[in-house]
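K.L.:
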Amino acid sequence: MLYLELLPGPTEVKLHKINHYLSPIVDVLLEFWSGFNLPSTNEHPNGKKIRLAVICCSNDISAARKLCGHISALIGCHRCYKRANTGGRKPDFSGFDDIDEWVRERDPEEHRQNAEDWQKCKTADERKRHVSDTHVRWLEMLRLPYFNPIRHLVVDLMHCLFLGIS
Numbered sequence: 000m001l002y003l004e005l006l007p008g009p010t011e012v013k014l015h016k017i018n019h020y021l022s023p024i025v026d027v028l029l030e031f032w033s034g035f036n037l038p039s040t041n042e043h044p045n046g047k048k049i050r051l052a053v054i055c056c057s058n059d060i061s062a063a064r065k066l067c068g069h070i071s072a073l074i075g076c077h078r079c080y081k082r083a084n085t086g087g088r089k090p091d092f093s094g095f096d097d098i099d100e101w102v103r104e105r106d107p108e109e110h111r112q113n114a115e116d117w118q119k120c121k122t123a124d125e126r127k128r129h130v131s132d133t134h135v136r137w138l139e140m141l142r143l144p145y146f147n148p149i150r151h152l153v154v155d156l157m158h159c160l161f162l163g164i165s
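If you're matching positions, the sequence shown starts at 0 in numbering that gives the first Met the number 0 and goes up one per residue.
Here you go:
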């Protein structure tokens with residue numbers, strides 16, 4: 000297990016500004032993905048080429064959403080197309096009348112395209128509208144060719160229970 004970064008306080012990093020912290024880390028992860036040679040050993044006299052990859056992201060729910068380009072857990076699920084019910088006191092994910100519409104895994108390529116489109120927005124208002132429509136913003140992790148922001152994000156059950164959305 001590798002801790003890549005603990006972000007400084009006293010307040011959390013806002014929205015897409017986490018990308019400023021992630022950019023140099025992603026640069027190193029890209030080098031690791033290209034691979035490097037380990038020195039020779041008795042077992043591998045010519046050395047051994049290895050590659051490293053991020054296989055999951057486990058954070059609190061707020062950091063996880065920012066890390067993978069999703070918007071608030073109070074708005075929608077990052078794994079499927081279920082949206083929160085906002086008619087009551089607090090948003091929640093109850094109600095399964097429309098289950099056929101949302102019980103399918105989000106498409107990581109669609110997520111990637113929406114994130115790239117977010118980057119092309121010229122103004123803050125344009126970006127807000129884009130996020131409102133797609134629930135996606137750009138994330139530096141998408142520079143990793145293998146990274147899947149849907150499957151590589153661990154669902155944080157504790158915070159889902161704390162927020163009252165599960």
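The beta carbon of each residue, even a glycine, is placed where N, CA and C say it ideally should be.
State the start and end residues of the unbroken alpha helix (DSSP H) segment that holds Asn113.
P.N.:
Counting along the chain, the alpha helix (DSSP H) containing Asn113 begins and ends at 107-119.
K.L.:
Measuring CB to CB, does His151 end up less than 9 Å from Ile54?
P.N.:
Yes; because the gap between Cβ atoms is below 9 Å, this pair is in contact.
K.L.:
Using 9 Å as the threshold, is the C-beta distance between Ile49 and Arg136 below it?
P.N.:
Not in contact: Ile49 and Arg136 (Cβ atoms no closer than 9 Å).
K.L.:
Could you tell me the distance, in whole angstroms, from the CA atom of Val12 to the CA atom of Leu138?
P.N.:
Distance between the alpha carbons of Val12 and Leu138 is about 14 Å.
K.L.:
In the DSSP assignment, the alpha helix (DSSP H) including Ile24 goes from what residue to what residue?
P.N.:
Unbroken alpha helix (DSSP H) run through Ile24: 17-33.
K.L.:
By how many angstroms is the C-alpha of Asp99 removed from the C-alpha of Leu37?
P.N.:
Their Cα atoms are separated by approximately 50 Å.
K.L.:
Once the 5 residues before and after Trp32 are set aside, which same chain residues still bring their CB inside 8 Å of it?
P.N.:
Hits under 8 Å: Arg50, Leu51, Ala52, Leu143, Pro144, Tyr145.
K.L.:
Please report the straight-line C-alpha distance between Lys65 and His43, rounded to a whole angstrom.
P.N.:
Cα to Cα, Lys65 sits roughly 41 Å from His43.
K.L.:
Is DSSP giving Leu37 helix, strand or coil here?
P.N.:
Correct three-state label for Leu37: strand.
K.L.:
Whose CA, out of Asn147, Thr10, Val27, lies closest to the CA of Asp106?
P.N.:
Closest option to Asp106, Cα to Cα, is Asn147.
K.L.:
Taking Arg111 as the reference, which of Ala62, Phe35, Ser131, Met140 has the closest Cα?
P.N.:
For the residues Ala62, Phe35, Ser131, Met140, the minimum Cα distance to Arg111 belongs to Met140.
K.L.:
Which partner residues does Ile49 have in the DSSP bridge list?
P.N.:
Ile49 is bridged to Phe35.
K.L.:
I need the straight-line Cα distance from Arg126 to Gly34, nearest angstrom please.
P.N.:
For Arg126 and Gly34, the distance between alpha carbons rounds to 36 Å.
K.L.:
With H, G and I counted as helix, E and B as strand and the rest as coil, what does DSSP make of Cys55?
P.N.:
Correct three-state label for Cys55: coil.
K.L.:
Please classify Gly46 as buried or exposed, where buried requires at least 16 neighbouring CB atoms within 10 angstroms.
P.N.:
Exposed is the call here.
K.L.:
Counting C-beta neighbours from all protein chains within 10 Å, is the total for Leu29 16 or more, i.e. buried, or is it exposed?
P.N.:
It is exposed - the Cβ of Leu29 has fewer than 16 other Cβ atoms within 10 Å.
K.L.:
Between the Cα of Asp10 and the Cα atoms of Ala62, Val25, Ser22, which residue gives the shortest distance?
P.N.:
Correcting the residue identity first, residue 10 is Thr in this sequence and not Asp. The shortest Cα separation from Thr10 among Ala62, Val25, Ser22 belongs to Ala62.
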